[in-house]
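*Asks:*
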Amino acid sequence: MVSADAIFAHKRLSIIDVASSHEPLSYADGRYVLTFNGEIYNYLELREELAREHGAAFATLGDAEAVVAGYHYWGEQVLTRLRGMFAFVIWDREKRQAFGARDYFGIKPMYYMETPAGLYLASEKKALLELADTLPVDAASLSHYLTLQYVPEPRTLHEGIQRIGSGELLRWTPGGKVEVERWFRPVFRPAPVDDEQKVFDRIRETLRDSVRVHMRADVPVGAFLSSGIDSTAIVALAREFNPNILTFTVGFDVDGYSEVGVAQDSARHLGVTTIPTMLGPQDMMDTLPKIVWHLDDPVADPSLVPLYFVAKKAAEHVTVVLSGEGSDEFFGGYTIYREPLSLHTLQRLPDPMQRGLRAVSRVMPRGVKGKSFLERGTTRIEDRYYGNARMFAEAEKRELMRRNDGSVRYTDVTAPIYAECVELDDVTKMQYVDLHTWLRGDILVKADRISMAHSLEVRVPFLDKEVFEVASTLPVELKLPPRSNATKYALRRALDGVVPPPIVNRRKLGFPTPTRVWLRGEMYEWARNILATSGAGELLDLGYAQKLLEEHRRGEADHSRKVWTVLVFCIWYGVFVDRSIDPGIERNPSALLAKPAIGSMAR
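Per UniProt numbering, the sequence shown starts with residue 1, numbered consecutively.
1) From residue 553 to residue 528, what distance separates their C-alpha atoms?
2) With the cut-off set at 8 Å, would you say residue 523 and residue 284 are in Cβ contact?
3) Who pairs with residue 394 in a beta bridge, going by DSSP?
4) In whole angstroms, give me the CA-to-CA distance for residue 292 and residue 568.
5) Report yes if the C-beta distance between residue 34 and residue 88 is below 8 Å; otherwise report no.
6) Could you check if residue 179 is buried or exposed, using at least 16 other CB atoms within 10 Å of its CB as the buried criterion?
7) Assuming residue 605 contacts residue 247 (C-beta within less than 8 Å), just tell me the rounded distance between them.
8) Provide the residue(s) that pair with residue 162 in DSSP beta bridges, ordered along the chain.
9) Checking contacts by CB at 8 Å: is residue 298 closer than that to chain C?
10) Report yes or no: do three or more beta-carbon pairs, one from the region 130 to 150 and one from the region 185 to 197, lie closer than 8 Å?
11) Measuring alpha carbon to alpha carbon, tell me which residue in 74, 141, 128, 561 is nearest residue 390.
12) Cutting at 8 Å between CB atoms, please list the residues of its own chain near residue 167, excluding the five before and the five after it.
13) Where does residue 7 fall in DSSP's three states?
14) In angstroms, rounded to a whole number, what distance separates the CA positions of residue 601 and residue 28?
15) Give a yes or no on whether the C-beta atoms belonging to residue 109 and residue 123 are separated by under 8 Å.
16) If you reduce the DSSP assignment to three classes, tell me which class residue 601 lands in.
17) Could you pull out every unbroken alpha helix (DSSP H) segment of at least 4 residues lying fully inside the region 193 to 275, listed in chain order?
18) Where does residue 434 land, buried or exposed, given buried means 16+ other C-beta within 10 angstroms?
19) Determine the extent of the beta strand (DSSP E) in which residue 85 is found, giving its start and end residues.
20) What does the Cβ neighbour count give for residue 164, buried or exposed, with the cut at 16 atoms within 10 Å?
21) Where residue 138 and residue 90 are concerned, what is the direct C-alpha to C-alpha distance, given to the nearest angstrom?
22) Could you check what DSSP says for residue 529 in three-state terms: helix, strand or coil?
23) Do residue 44 and residue 70 come within 8 Å of each other at the CB atom, strictly closer than that value?
24) What's the gap between the Cα of residue 206 and the Cα of residue 474?
25) Round the Cβ separation of residue 40 and residue 86 to the nearest angstrom and send it over; I've been treating them as touching at under 8 Å.
26) Do you know how far the Cα of residue 516 is from the Cα of residue 591?
27) Residue 36 by DSSP, collapsed to three states: which one?
28) Kindly identify the DSSP beta-bridge partner or partners of residue 100.
29) Flag this pair as touching only if the region 259 to 278 and the region 409 to 418 have three or more C-beta atom pairs under 8 Å; answer yes or no.
30) Are the region 213 to 221 and the region 494 to 505 in contact at 8 Å, needing three or more beta carbon pairs?
Quick look at the structure:
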């Protein structure tokens, strides 16, 4: 769609109303133009309400038209009525104004770039890179990446390109600046529970309803299946609505790194078919440049590789898959969340005593039993926890980064988040931090980008606003019961009788990847060559990274995650900066801008 003020382009993955819901989509006699990425699961109910209360007319049968019609009649309040995942922009031709938004938890992406010529928006950053002169690497974002293994919102690794944050909206008029505002903030409200069974029942029924609406589609829907309770629960509930649902799993032929056997046992118990995919080290080495290209910004999570292959296999059979992301952040599923409970005794000591113990811990030799316990137990949660993945410490970055700015620290990312949840207990604070960092920066980025690389849509029933309403009220003891090693206790009890008994209390592996093993063997020469030849040496001391690789190979320390973090950045640099690495993507350059673009508006 082209007008004097705006150009919209859209490449659609057709899921609902395949025949007629083409985009960009016009509404109200052409007053509004919409380009939309995602799915609205309550679109049928919204269309019915709009027709009943406002006499709204529809030209399609799809969910996108419910969004633009809702905006016409309800204004910006339409956002609070949407149940789904979305990133969209609406251009109002009458007011000459753009309005856009991202969903509650950041499932779908949106990038933007302001230039003298106007505003550009896209669902992939590479579309904006095609429109810009060479953009330098953002040094602060690189520093955060080396700590967190991803670039936190709203930044990107390119100066001049930003992201609309999760739960944020934008407004823009020609000649003005982009206004970005938070429209949704997830609020945890832990409350005492009188009847635990009622809570368990409510969790189960809310999740069942979420799975039901997440299965709305006019194309085949399947599911990922691993060895843990999350994906197994989704499959078990989905089977109630489609007994023939296909499932997909992935593994490696390395002891301790395959979920295929357990997933196959669960599939047999549930009476569904699972299709396995097995990978080796050559698959990782061959595919990583392509994966990095699809990511736009580096994410140093090795599970991206098995996810890439299981998504590729799933796309041969279905167009949509259900997946279990979000359960751990909502219900308290990470083992690290138990840390405040184990440190409780130390943290109740008077401040002078804590300071004394902290001083003792500093002079204890590293590796001495009790040192870490004293360090962590006498440090505030705000200063010791900055997310689920922790790669390079600040001191290590001073050695690794050639131009390290000591004023840039991980607390730049986490301090504003902690400031929003000061009244919460430490366990729930950790959940809140992960919801705003790890989930958005790693988990959902890899799920969206890697699935869309295969024209496959991943839907995440746990990341539903109704499910969060239930999970947000759970007290700590229903997430992490005392005198137990259990996690997400309430969810496990809610799923008694739904998932196979051996799975209820099983710790999931989460598509584990044997990089630790292979970087000592099959992948060592590959890694050494990348570090020896990468142009990223202008930003990082790759000799330092090579030293870590050698120590890892000799078995002196497990540096696999740190080495992988540097390797992924080197590949990103080769793909996007000096173009020394061909990612192996077949594409038509003339169509590149149309594929990922959400829209652009002229000043």
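Ideal Cβ positions, reconstructed from N, Cα and C, are used throughout, including at glycine.
Computed from a prediction, not measured in an experiment: that's the story for all the values here.
*Replies:* Reading off the structure:
1) 11 Å
2) yes
3) Beta-bridge pairing links residue 394 to no other residue.
4) 7 Å
5) yes
6) exposed
7) Outside the displayed span of the chain (1 to 603) sits residue 605, for which this structure offers no information.
8) 112
9) In summary, chain C is missing from the structure at hand, where a single protein chain is found.
10) no
11) 561
12) 102, 103, 104, 105, 106, 182, 183, 184, 185, 186
13) strand
14) Residue confidence for residue 601 is low, a pLDDT of 46 falling below 50, so the modelled location carries little weight; the figure read from the coordinates is stated next. One C-alpha to the other measures close to 20 Å.
15) yes
16) Low confidence applies to residue 601: its pLDDT is 46, below 50, so where it sits in the model is not reliable enough to give any reading.
17) 196 to 214, 229 to 239, 260 to 270
18) buried
19) 84 to 92
20) buried
21) 30 Å
22) helix
23) no
24) 14 Å
25) 7 Å
26) Confidence in residue 591 is poor, its pLDDT being 40 and thus under 50, which makes the residue's placement unreliable; the coordinate value appears in the next sentence. Computed Cα separation, rounded: 40 Å.
27) strand
28) 89, 170
29) no
30) no
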